[in-house]
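Enquirer: Here it is, the structure, as structure tokens.
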Amino acid sequence: MSEPFDCHHCKESLYGRKYILSGEQPHCIPCYDTIFANTCDECKEPIGHEARVRHSLGLRGRAELG
């Protein structure tokens, strides 16, 4: 029998799902973004795990794509 492999925060199974390790603790993508996302200094929205981030003059914001 397999050991459970669940999100450390919401406890949902991670089998067959993308996840991110924080330390040795696995998190599903939605929980990781909720707990660990930085905030854009311009729009004040969370910056998700896949976003391109730019840093300038100590500020954090989304990078312009294009």
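If you count the sequence shown from 1, you need to add 300 to reach my numbering.
C-beta atoms are modelled at their ideal positions from N, C-alpha and C, and glycine is treated no differently.
(1) Between I320 and C340, what straight-line distance do the alpha-carbon atoms span, to the nearest angstrom?
(2) Note down the Cα distance separating K311 from E342, rounded to an integer number of angstroms.
(3) Does Y332 pass the burial test, meaning 16 or more other C-beta atoms within 10 Å, or should it be called exposed?
(4) For S313, which residues in the same chain have their Cβ closer than 6 Å to its Cβ, ignoring the five residues on either side in sequence?
(5) Between G348 and P304, what straight-line distance do the alpha-carbon atoms span, to the nearest angstrom?
Expert: In terms of the structure at hand:
(1) 21 Å
(2) 33 Å
(3) buried
(4) D306
(5) 26 Å
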